[in-house]
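With the working numbering, letter number 27 in the sequence shown gets 817, and the count goes up by one each step, no holes.
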Amino acid sequence: MEHLGPFRRELKERANIAKMREESLLLRPATQIALFKGLVRTTDHGVLERAVERANRIDWDVRSSIWRDIIVRADSTIISIKEAYGRTADLITYLIVASRMSEEETERLRMEYDVSRGFNYDTPSVRKPEELPQPIPERTPGLVS
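So, in structure tokens, the structure goes:
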């Protein structure tokens with residue numbers, strides 16, 4: 791876990807842990823459960839050795855819009871139910887290995903993401919579906935996938 795920024799900072803700045811927990815999803819148990827589920831799922835796509843490094847580049851800020859209604863409510867409280875852990879793990883997996891996922895996997899996630907965020911497929915004219923967040927690039931300078 792020392793490869794993930796918030797954990798690394800926690801080890802150095804224990805006095806600020808309460809403030810850090812308010813800001814970082816990674817310091818909340820529900821997200822930790824989802825992260826580990828997501829990392830395990832990346833093994834199906836053969837990238838575990840770089841998955842943690844990519845996970846470190848995910849925006850873990852509790853206010854980040856990608857987590858709204860997935861694992862965080864509008865008031866910044868955590869959605870602590872099994873379904874939220876699964877949705878979050880699916881999203882983490884996508885953010886890390888999107889290019890290696892099948893079209894069916896990506897479409898299922900997109901629909902789950904839309905429904906979680908209030909889109910109703912029975913009345914699509916009321917609101918447009920949302921795009922999935924941009925995945926973490928597989929190749930960046932200095933990193934090998």
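For each residue, glycine too, the CB sits at the ideal point set by N, CA and C.
Margin query: Is it buried or exposed, Ile871, if we count other Cβ atoms within 10 angstroms and call 16 or more buried?
Written below: exposed
Notebook entry, point to check: Is Thr832 buried or exposed, if buried means 16 or more other CB atoms sit within 10 Å of its CB?
Noted result: buried
Check: With which residues is Ser814 paired in a DSSP beta bridge?
Finding: Asp851
Next item on the list: Find the nearest neighbour of Phe826 within the set Glu813, Val842, Thr867, Glu902, judged by alpha-carbon distance.
Entry: Selected option, being the one with the closest Cα: Val842.
Margin query: Among Asp849, Leu829, Trp850, whose alpha-carbon lies nearest the alpha-carbon of Arg840?
Written below: Leu829
Check: Where does Arg858 sit, in a helix, a strand or coil, going by DSSP?
Finding: Residue state, collapsed to three classes: strand.
Note to self: So, for Leu885: in the same chain, excluding its five sequence neighbours on each side, which residues have a beta-carbon less than 6 Å away from its beta-carbon?
What the structure shows: For Leu885, where only same-chain residues beyond five positions count, the Cβ hits under 6 Å are Ile848, Pro925, Ile926.
Check: Is any beta-carbon of chain E found at less than 7 Å from that of Leu829?
Finding: Absence of chain E from the displayed structure is noted, only one protein chain being present.
Notebook entry, point to check: What residue from Thr821, Ile823, Val905, Leu838 has the CA that sits closest to Arg890's CA?
Noted result: Leu838
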